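For the record, the sequence lines run as chains A and B.
Position 48 of the first sequence, counting from 1, maps to 183 under the numbering used here, and the rest follow consecutively.
Position 190 of the second sequence, counting from 1, maps to 325 under the numbering used here, and the rest follow consecutively.
Here a beta-carbon is modelled for each residue, glycine too, at the ideal position from N, C-alpha and C.
Bear in mind the structure is a predicted one, so any value in this text is a computation, not a measurement.
There are 2 protein chains.
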Amino acid sequence: MAAVVKPHIRVVLADDHPVVRDGLAAMVNQQPDMEVVAEAGDGDEAIALYEQHRPDVMVLDLRMPKRDGVAVVQRVLEINPKACILVMTTYDGDEDIFQCLSQGAKGYLLKDAPRQEILSAIRAVSEDRPYTSSGVAAKALQRMAKPSLTQRELDVLQLVAQGRSNKDIARRLSITEGTAKTHVKAILTKLDAISRTEAVAVAHKRGLIHL
Amino acid sequence: MAAVVKPHIRVVLADDHPVVRDGLAAMVNQQPDMEVVAEAGDGDEAIALYEQHRPDVMVLDLRMPKRDGVAVVQRVLEINPKACILVMTTYDGDEDIFQCLSQGAKGYLLKDAPRQEILSAIRAVSEDRPYTSSGVAAKALQRMAKPSLTQRELDVLQLVAQGRSNKDIARRLSITEGTAKTHVKAILTKLDAISRTEAVAVAHKRGLIHL
DNA sequence: CGGCGTCTCTACCTTAAGGGGGAGCGGCGG
DNA sequence: CCGCCGCTCCCCCTTAAGGTAGAGACGCCG
Chain A
136 MAAVVKPHIR VVLADDHPVV RDGLAAMVNQ QPDMEVVAEA GDGDEAIALY EQHRPDVMVL
196 DLRMPKRDGV AVVQRVLEIN PKACILVMTT YDGDEDIFQC LSQGAKGYLL KDAPRQEILS
256 AIRAVSEDRP YTSSGVAAKA LQRMAKPSLT QRELDVLQLV AQGRSNKDIA RRLSITEGTA
316 KTHVKAILTK LDAISRTEAV AVAHKRGLIH L
Chain B
136 MAAVVKPHIR VVLADDHPVV RDGLAAMVNQ QPDMEVVAEA GDGDEAIALY EQHRPDVMVL
196 DLRMPKRDGV AVVQRVLEIN PKACILVMTT YDGDEDIFQC LSQGAKGYLL KDAPRQEILS
256 AIRAVSEDRP YTSSGVAAKA LQRMAKPSLT QRELDVLQLV AQGRSNKDIA RRLSITEGTA
316 KTHVKAILTK LDAISRTEAV AVAHKRGLIH L
């Protein structure tokens, strides 16, 4: 076969909802310059299909069974550091998107974006141009200004969100109750919350935790 | 025009994500006996398009801007008590589905359902047969066994989930702090939680509140 | 009408949570 | 090498939260 003048953008989709995959596939396959070559329903499948098909673009849902978007981005970039990954999510408060982008995902997209935006995002990423949904850049700046939680604090926050007491948290993390309180106090300060329950609300809104 | 032997099932879709609407539309329009006649992106639009097109089936997302699924079900059934509504949601813990079903929605569906299930649900509802996603019946029974919260308790719970203190809740609801505590205590008992934070976690898991 | 559930309020008591400090220790980078 | 940061632990103190118990007012339904 001779060289094709206008090669298709080969796309792999990964989303746990069949209806979303169908929607994306319909949109993509309607384009003359795009083609869906595989669809994955969970994180493991996404990685396997990436390796198998080596697509130009991978469209990846952030929340998936077995392995979430962040982990998939990591693994795929290990396989191919030049992989073009477009991360998709439902909620714009998701903290994970920053993790994905800083790890090397080329683009980020909200699921409620209109057709045109989704398609142009795929095109941009396929040409190795970064794409970020409107407003995300602004959010990134806001986020930079706000104090970030340490890993330990995120561990504690997770347990707080489950309704655990300081004593309970201490037991689970093998630390003293006093230390647990210290972490909780740090969390309250950083999230600008008065009570642990408010901290959970704030953290959830910012996408620091997923209930 | 003569009578049609096999009339199409006319469907109106309502979902705030274009990609989901596309997916559903692609699935439905591929069927020889179905047809999407309109698509809505929010609750108000959904009601307007129902009135305008009088479809055989309305597929409705539970969480939508402007007016949520419960309100749309109510309004549409006021317009046409025989309307066939299929409610769709992402999370199976959603308490609202029971409200929709008891209000007269004909079917309930999870968004991560496979193509075949979605299509057969639409067919069932179009023939006025109820359809419920597997496991929902079981959940309904579980739910019946569990104590339900009063409206006032739900009001309090909502504020608790926002991280408000008892005193704050009392002010906002124009009651005394003691009464607020009484309500919170009732909530803790009914949800089988030790602390307010755990109550929020449990309530969120059961879909009693949306953060 | 008489009971039942809801919402309201009360008092007392125990425990957990939050605020304000200080301090030692290990790693990492200037 | 020294300082910064994260993790750990400790003190004391105030306040909020949770447990127990009782009671009055209203509306709904058998």
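Quick check: residue i and residue j, are their CB atoms within less than 8 Å of each other?
i, j, result
"A256(A)", "L221(A)", "yes"
"L328(B)", "V291(B)", "The sequence as given places Ala at residue 328(B); Leu does not occur at that position. Going by C-beta atoms, A328(B) is not nearer than 8 Å to V291(B)."
"G204(B)", "D231(B)", "yes"
"A218(B)", "V211(B)", "yes"
"L197(A)", "E174(A)", "no"
"P153(B)", "P153(A)", "no"
"P190(A)", "V163(A)", "no"
"S268(A)", "G298(B)", "no"
"R307(B)", "L294(B)", "yes"
"V131(B)", "S261(B)", "What is shown of chain B runs 136 to 346, which leaves residue 131(B) out entirely."
"K325(A)", "P282(A)", "yes"
"F233(A)", "R202(A)", "no"
Please report how far the alpha carbon of residue i lies from the alpha carbon of residue j, in whole angstroms.
i, j, result
"A296(A)", "A336(B)", "7 Å"
"L284(A)", "E333(A)", "16 Å"
"I144(B)", "E170(B)", "6 Å"
"G313(B)", "L343(B)", "24 Å"
"R156(A)", "L184(A)", "15 Å"
"I352(A)", "H339(A)", "Nothing in the structure corresponds to residue 352(A), since chain A is present only between 136 and 346."
"A138(A)", "Q165(B)", "At A138(A) the pLDDT is 48, less than 50, meaning the model places this residue with poor confidence; the figure from the coordinates comes in the next sentence. A138(A) and Q165(B): Cα-Cα distance of roughly 34 Å."
"N215(B)", "H188(B)", "12 Å"
"D150(B)", "N301(A)", "42 Å"
"P265(B)", "G178(A)", "34 Å"
"L159(B)", "G158(A)", "7 Å"
"T311(A)", "Q238(A)", "34 Å"
"H318(A)", "H345(A)", "19 Å"
"M199(B)", "T225(A)", "13 Å"
"E252(A)", "C235(A)", "20 Å"
"A181(B)", "P142(B)", "23 Å"
"R341(A)", "K274(A)", "10 Å"
"A161(A)", "L244(A)", "18 Å"
"V271(A)", "D229(B)", "29 Å"
"D263(A)", "D263(B)", "51 Å"
"Q209(A)", "Q209(B)", "46 Å"
Nearest to residue i by alpha carbon, out of the options?
i, options, result
"L254(B)", "Q293(B), P200(B), M223(B) and L308(B)", "M223(B)"
"G176(B)", "A175(A), V171(A), K246(A) and Q187(A)", "K246(A)"
"R287(B)", "S309(B), V172(B), L197(B) and S269(B)", "S309(B)"
"E186(A)", "L236(A), D150(A), A160(A) and E213(A)", "E213(A)"
"R258(B)", "K274(B), S269(B) and K241(B)", "K241(B)"
"D168(A)", "Q209(A), D263(A), I182(A) and V146(A)", "V146(A)"
Against chain B, which members of the region 321-335 of chain A pass a CB distance test of less than 9 Å? A328, I329, S330, R331, T332, E333, A334 and V335
What are the complete beta strand (DSSP E) segments, minimum 3 residues, inside the region 185-231 of chain A? 192-196 and 220-224
Would you list, in chain order, the members of the region 294-309 of chain A that have their beta-carbon closer than 8 Å to a beta-carbon of chain B? V295, A296, Q297, G298, R299 and S300
Quick one: complete alpha helix (DSSP H) runs, 4+ long, within the region 232-278 of chain B? 250-261
Closer than 8 Å, Cβ to Cβ, to anything on chain A: give me those residues from the region 145-171 of chain B, in chain order. D151, H152, P153, V154, V155, R156, D157, G158, L159, A160, A161 and M162
Within 8 Å of chain B by C-beta, residues of the region 238-252 of chain A in sequence order: K246, D247, A248, P249 and R250
Below 7 Å between beta carbons is the criterion; list the residues of the region 210-230 of chain A that meet it against any residue of chain B, in chain order. none
Ignoring anything shorter than 4 residues, give me the alpha helix (DSSP H) runs that lie fully in the region 279-346 of chain B, in order along the chain. 286-296, 301-308, 312-326 and 331-340
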